[in-house]
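Participant: Can you read through this structure? Questions will come right after.
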Amino acid sequence: MAGAEKLTTTVSTKGQVILPSAIRQRREWKAGTRLTVEDTPEGVLLKPAPAFAETRPEDVFGVLAHRGKPKTLEEMDESVLAEARRRHDRD
Numbered sequence: 117m118a119g120a121e122k123l124t125t126t127v128s129t130k131g132q133v134i135l136p137s138a139i140r141q142r143r144e145w146k147a148g149t150r151l152t153v154e155d156t157p158e159g160v161l162l163k164p165a166p167a168f169a170e171t172r173p174e175d176v177f178g179v180l181a182h183r184g185k186p187k188t189l190e191e192m193d194e195s196v197l198a199e200a201r202r203r204h205d206r207d
């Protein structure tokens, strides 16, 4: 938003801040969007919260044992697409 118009808001007595609609629309942040809040030297940084907790490879490596020939990326993509279609058709 470099060079853009400066927008202001007010902190409520409950500590709530309303983000201007122009920012919410540009970021596609709808009601219920979870945000992370980071205190930086320049101010407060808001970012969408990840859908899943961050995981390191060593935390999950070897969790799902597999016997047999490894699948190719194409085979994995096909399986994911087939499952998505199956779930969509079920609804």
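When the letters of the sequence shown are read in order and numbered with my numbering, they come out as residues 117 to 207.
Ideal Cβ positions, reconstructed from N, Cα and C, are used throughout, including at glycine.
A quick note: this is a predicted structure, and the numbers were derived from the prediction, not measured.
Across which residues does DSSP place G184 in a beta bridge pair?
Facilitator: As a first step, residue 184 must be located in the sequence shown, where it is residue number 68. G184 pairs with nothing; no bridge assigned.
Participant: Since T152 and A165 should fall inside the 8 Å C-beta cutoff, what is the C-beta to C-beta distance between them, to a whole number of angstroms?
Facilitator: By 1-based counting over the sequence shown, the position of residue 152 is 36. By 1-based counting over the sequence shown, the position of residue 165 is 49. About 5 Å separates the two Cβ atoms, so the contact holds.
Participant: Taking the straight line between their C-alpha atoms, what separation do you get for G178 and K185?
Facilitator: The residue you call residue 178 lines up with position 62 of the sequence shown. The residue you call residue 185 lines up with position 69 of the sequence shown. When rounded, the distance between both Cα atoms is 16 Å.
Participant: Check E191 in the structure and name its three-state DSSP category.
Facilitator: On the sequence shown, position 75 is the one that residue 191 refers to. The answer is helix: DSSP assigns E191 an H, G or I state.
Participant: If we call anything under 9 Å between Cβ atoms a contact, is T126 one with I134?
Facilitator: Sequence index remark: in the sequence shown, residue 126 carries index 10 (1-based). Sequence index remark: in the sequence shown, residue 134 carries index 18 (1-based). Cβ atoms of T126 and I134: closer than 9 Å.
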